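Report on the structure given below.
Numbering (the numbering used here), first residue to last: 60 to 151.
Given below as structure tokens:
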């Protein structure tokens with residue numbers, strides 16, 4: 060079982076969240092050539108170690124979170140909102 064500490068709702072089981080994917084991917088602009096989109100969507104690294112991921116707390120506050128998780132041990136080292144302006148609200 061993976062426990063994710065939501066900044067708003069506290070520690071919750073991963074079953075309350077929906078996996079959104081690799082948070083380190085930079086998507087091309089909408090008018091970029093098709094080859095750039097194919098590369099961004101279909102060719103990804105299989106990271107061994109700490110990976111940044113996006114998760115949505117679907118059975119809670121519905122917030123999108125950026126989670127740093129080890130792909131080896133599943134240990135979570137960091138959780139923060141995906142939107143930087145919301146991090147300021149949490150810090151205050």
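Yeah, the Cβ is synthetic: ideal placement off N, Cα and C, and Gly gets one too. These numbers were taken from a predicted model, which means no experiment stands behind them.
Can you give the Cα-Cα distance for residue i and residue j, rounded to whole angstroms?
i	j	result
residue 70	residue 130	20 Å
residue 83	residue 143	15 Å
residue 106	residue 72	23 Å
residue 140	residue 76	14 Å
residue 99	residue 68	32 Å
residue 74	residue 121	13 Å
residue 119	residue 104	30 Å
residue 102	residue 128	20 Å
Does DSSP classify residue i as helix, strand or coil?
i	result
residue 126	strand
residue 70	strand
residue 94	helix
residue 64	strand
Please go through the same chain and pick out, in chain order, the residues whose beta-carbon is closer than 8 Å to the beta-carbon of residue i, but skip the five residues on each side of it.
i	result
residue 79	112, 113, 114, 115 and 123
Return the chain-ordered list of same chain residues with a C-beta closer than 6 Å to the C-beta of residue i, the five sequence neighbours on each side being excluded.
i	result
residue 61	73 and 133
Which same chain residues, not among the five before or five after residue i, have their C-beta less than 7 Å away from its C-beta?
i	result
residue 64	70 and 138
Under 8 Å: do the segment 105-123 and the segment 88-95 share three or more Cβ pairs, one atom per stretch? no
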